[in-house]
Structures are given as C-alpha cells and as structure tokens.
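First up is the structure itself, then whatever we jot down about it.
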Amino acid sequence: MFLLIFDLLIPDKRKLGLIALGGIAISGLFLFRLRNTDFSAYGGVLALDPFSIFFKSIFLIAAALSIAISLKYLDIERENHGEYYALILFATMGMMFMAGAVDLVTLYIGLETMAIATYILVGFLRSNQRSNEASMKYFLLGAFSSGILLYGMSLLYGLSGSTRFVDIAEALSRRPLTDPISMMAMITLSAGMFFKVAAVPFHQWTPDAYEGAPTSITAFMSVAVKAASFAMMVRIFMVAIYPLRPQWLPIMAAVSVMTMTIGNIAAITQSNVKRMLAYSSISHAGYILIGFIAGNETGLTAVPLYLFIYTFTNLGAWAVIVALRRKDVIGEQIDDMAGLFFRHPSGAVLMLIFLLSLAGIPPTAGFIGKYYLFAAAIQTGHNTLAVIAVLNAAISIYFYFRIVVSMFMREATEKTGLVYAPGLTMTLAIATFFTLLIGVYPDPFIAMARQAVVLGF
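In my numbering, the protein residues as written are 1 to 457.
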C-alpha cells in the first residue's frame, strides 16, 4: 500500500523498485529472526513453522531478484509504472499465506491474492497485444481451475465439518477408500493443483503466458508461483488428503511421467527461448512430483531443495535473456544468442552454467536436486519411474544444448553484446554463486530442506 502512495509522490518510478527491495530486505530480516519459531496464529489457521519459513525465504529471494532485473527492463519497454512493484509484493504476500496455511479458507485467500496479482502482471505490457492475450488466457483458465479447486475444498468441508487440514485428514481416515465423495474431492483438488503447477494435462496456459508476459514477470512466475503452488500441494497431499494416498498415488505417478515427457518433447521443437523454458518448466514440475510419489523423508526433502535450487538457476537464465533485450532487439529467439560467446564471453559462460544446472549436470546445483529426487524414487521401489526420469533428463540436455551450440559455435548475427545494469549484475552474481556453491557444497542446504519437512509436519 505504501508503494501505491509513493507512486503519486515520486516521479522517478525506478526509486519505487528500490523501496520495494528495501521492504523485502526488512521482511527477510524478520523472517531470519523467526527461523527457529514453530507456532500457529489466528486461531490455528496460519502456521509459522520451519516449512513455511523455508518457502517464504524462496518467495522473498525470487521477488527481490525479479525486481532487480525489472529496473532496466521496464525502462526499455517504457512501462515503468509504480503499480508493477506493488503487484509483485501483493503476489508475494499471497504466496506467504499459502506456505503457512493449515486451513482451506486461509489457503484459498492466499492463492487468489497471488493469482489476481499475477494475472495483471502478465498483461503489464499494455501496448503489446501478445501480453494482453496471454493475460486473458491465463485469467480465464486460472479462474476455471480455481473454481474446480474450490469445489473440491467444499466437498472436504462437507465430509469433515472443518476447514483445518488435520481435521480433514482425521475425517477421511474414518471413511472407506472407495467412498465416492472422498474420491470426487481428491480428483477435483488434484486437477486444480495440477493446473497451478503446470502439470500435464493442465499445462496449456504456460507457454502462452510465459511468452507473452514481460520477461521479468516470466522469471518471477517460473520460480515463485511454482514454489508457492508446490508448497500448497505439500500441505494438501501430505496432510489433508494423505489418508487417500493409495488412491492419488497412481494418478500422480501417471501425471509425473506425462509432465516430464511431454514437457521435454515439446521443448525440443521450440525456436523461441521463452517458450522453450516454459516447456522446460513444465518438465521440472514432473520431476518435483517424484518427491510426492516417493513420500519418504528423502523425497519430501527433495521438493523444497529442488525448488530452492531452481529459483537461482532459472532466475539466472532469465536474467541473461533480459540482458539481451534492447530497444531494437527482443532477444527471445535462439538466433538472437548466436555467437554470444564472441560478443560477450562472460554472458555466454553464465548462461552455460545455468543451462548445465537446469539439465542436472554436475558440478552444478541442478545435479543435486535431481539426484535426491531420483534417489527417493529408487529407495521407495519406484524404479521404473526413476528410469523414465533419467531418460527425460537426458532428452532435456538436447534442447538446452541447442542454446549452447548457438552461443559458442555459430557466427554472431549482431555485433552488440549484453546490456548490463546494476540490478542485472547483482542477480547474475547471486544466481551464479548459489548455483555453483550448492553443486559443490550442498550439505547445509540439504540440512535446511530436511529440517523444513521434518519439523514442519
């Protein structure tokens, strides 16, 4: 709200971005002081536990780095409006409610706060028809999925007489697994949540939304919105409807396989980097679902760990794409990266590091995330799923290396390099540091992720 007020008083809108970064920094300090806290508030509907604190850290990091890369990008697009930063903070606030919610009503309020803000942000390039179209598609499909999700929540409330997750789980445990109302609630909830994480067959909105949105918002959505949606899924699947695990497990396994496979195969054919990374994001959702399928400590630890790693790796890749954007060059095509190594060697090397991490190649952080997910599948006897996941990871190397080949082995189509700004430089430095650090020294981060799931449940 303060940002909206300052928007009327401050003519230089870039200063609003700095104020937003200051607010995020203050929130981060408070969160750090509460890192060992475990209590509930507002009558037990909102939890402040290690699980929520870990995910809130992801949201704040993603929001801060997204704002940092936006400062220059919005100037280039001539869309530097003050409400942009306020909307990112509103979305982040909704995500923080989602991570801490242990009640259906609180969860839904957080979800819609996040969703409404992101609908607007996707269409923020007001003079760009592609952005407006993407926003409308995202809004219509998002509203439809929220309705399905809300219907499932209403069924759970009818079954249990409560909106709290632990009460719902207790009520479901007393009913037979084949109870039709329980099954309907599980199916509708699953469909709504699969849409939010862009899992197949509810993924159709992702390529259009990612391509049409401002690139800085695409970066924000690809990590923060995905992380918030998975935080919601952990609370729902591993607490509220955990008694129905024998019923939802085969559904999730099928969705995981389809999501990994279709996401990777579709990415192979893309020439637009934003669409390629959108399909890549879909496939990563399939990998993360393996943690739910395994359901053991390793699998559940891998979910927040993978999302933490993905935040830095993916934001770093998007930051390079933003650095390619200039007044006369959009920088979204693979051809725009041709000969980047010869034009701007450091930018090409940084992009290579991020792509290696996305592909899960050591010694980058992405290898650690995939290793834990695949190990969890093997530990719990899901060997076929692990083999399919490894094969999909191999497929992903092909389309990631299409970009690498373009950067290092093709002649430059332009003589200009990347356009760096302080915010972009900071984002690239932080993303590179953590992508490499977690790859060679993952133990502290694994311990934090394990603490989040062990003490959070």
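Even for Gly, the Cβ is constructed at its ideal location relative to N, Cα and C.
Would you kindly work out how many angstroms separate the C-alpha atoms of threonine 261 and leucine 18, rounded to a whole number? Indexing the sequence shown from 1 puts residue 261 at position 261. Indexing the sequence shown from 1 puts residue 18 at position 18. Roughly 41 Å separates the two Cα atoms.
Under the DSSP definition of a beta bridge, which residues are partnered with asparagine 272? Translated into positions along the sequence shown, residue 272 becomes position 272. Partner(s): Gln333.
Between the C-alpha atoms of isoleucine 116 and alanine 376, what's the straight-line distance to the nearest angstrom? Indexing the sequence shown from 1 puts residue 116 at position 116. Indexing the sequence shown from 1 puts residue 376 at position 376. Going from the Cα of isoleucine 116 to the Cα of alanine 376 covers about 35 Å.
Where does alanine 101 sit, in a helix, a strand or coil, going by DSSP? Within the sequence shown, numbered from 1, the residue matching residue 101 stands at position 101. Residue state, collapsed to three classes: strand.
Pairwise C-alpha distance: isoleucine 395 and arginine 402: As a working mapping, residue 402 is identified with position 402 in the sequence shown. As a working mapping, residue 395 is identified with position 395 in the sequence shown. The straight-line gap from Cα to Cα measures roughly 12 Å.
Checking the sheet assignment: what are the DSSP bridge partners for serine 40? Your numbering for residue 40 matches position 40 in the sequence shown. Serine 40 pairs with Ala47.
Nonlocal neighbours in the same chain, by C-beta distance under 6 Å from tyrosine 306, ignoring five residues either side: Residue 306 sits at position 306 when you count from the first residue of the sequence shown. Same-chain partners within the cutoff: Ile288 and Gly369.
Whether or not the segment 230-243 and the segment 347-359 are in contact is what I'm after, with contact meaning three or more pairs of Cβ atoms, one per stretch, closer than 8 Å; do they touch? no
Hey, alanine 199 and threonine 118: beta-carbon distance below 9 Å or not? Here residue 199 is taken as the residue at index 199 of the sequence shown, counted from 1. Here residue 118 is taken as the residue at index 118 of the sequence shown, counted from 1. If you check the CB distance, alanine 199 and threonine 118 do not come in under 9 Å.
Check each candidate in Ala294, Leu65 and Met193 and name the one with the smallest Cα separation from alanine 386. Here residue 386 refers to the residue found at position 386 of the sequence shown. Minimum Cα distance to alanine 386 is reached at Ala294.
Delimiting residues of the alpha helix (DSSP H) encompassing proline 304: Residue numbering aside, residue 304 sits at position 304 when the sequence shown is read from its first letter. DSSP places proline 304 in the uninterrupted alpha helix (DSSP H) bounded by 297-324.
Beta-carbon contacts of methionine 407 that lie in its chain and below 6 Å, excluding the five residues immediately before and after: Stepping through the sequence shown from its first residue, residue 407 is reached at position 407. Met337, Leu340, Phe341 and Ala348.
By alpha-carbon positions, which one of Glu297, Ser281 and Ala101 ends up nearest to arginine 450? Position 450 of the sequence shown holds residue 450. Ranking the options by Cα distance to arginine 450, first place goes to Glu297.
Report buried or exposed for phenylalanine 39, applying the criterion of at least 16 other Cβ atoms within 10 angstroms of its Cβ. The residue given as residue 39 occupies position 39 in the sequence shown. Phenylalanine 39 should be labelled exposed.
Helix, strand or coil for arginine 126, going by three-state DSSP, please let me know. Translated into positions along the sequence shown, residue 126 becomes position 126. DSSP places arginine 126 in coil when its eight states are reduced to three.
So what does DSSP say about arginine 164, is it helix, strand or coil? Residue 164 sits at position 164 when you count from the first residue of the sequence shown. Looking at arginine 164 - three-state DSSP - the assignment turns out to be strand.
Does the pairing of the segment 53-72 with the segment 196-210 give three or more beta-carbon distances under 8 Å? no
Could you name each continuous alpha helix (DSSP H) segment of 4 residues or more that falls completely within the segment 360-415, going from the start of the chain to the end? Fully enclosed alpha helix (DSSP H) runs of 4 or longer: 365-379 and 383-409.
Taking DSSP as the reference, what is the three-state secondary structure of arginine 245? Here the question's residue 245 lines up with position 245 in the sequence shown. Reduced to three states, the DSSP call for arginine 245 is helix.
Using the Cα positions of histidine 344 and glutamate 170, report the straight-line distance between them to the nearest angstrom. Walking along the sequence shown from the start, residue 344 turns up at place 344. Walking along the sequence shown from the start, residue 170 turns up at place 170. Looking at the two C-alpha atoms, the distance is approximately 59 Å.
Inter-residue spacing [alpha-carbon to alpha-carbon] between methionine 351 and proline 180: The residue given as residue 351 occupies position 351 in the sequence shown. The residue given as residue 180 occupies position 180 in the sequence shown. Their backbone Cα atoms lie some 50 Å apart in a straight line.
Which of the three DSSP states, helix, strand or coil, is assigned to glycine 263? One-based indexing of the sequence shown puts residue 263 at position 263. Helix, per DSSP.
Tell whether a beta-carbon distance below 9 Å holds between phenylalanine 97 and glycine 110. Taking the sequence shown and counting its residues from 1, the one referred to as residue 97 is at position 97. Taking the sequence shown and counting its residues from 1, the one referred to as residue 110 is at position 110. In contact: phenylalanine 97 and glycine 110 (Cβ atoms closer than 9 Å).
Ends of the alpha helix (DSSP H) at methionine 233? For the purposes of this step, residue 233 is taken as the residue at position 233 of the sequence shown. From DSSP, the alpha helix (DSSP H) with methionine 233 extends over 226-235.
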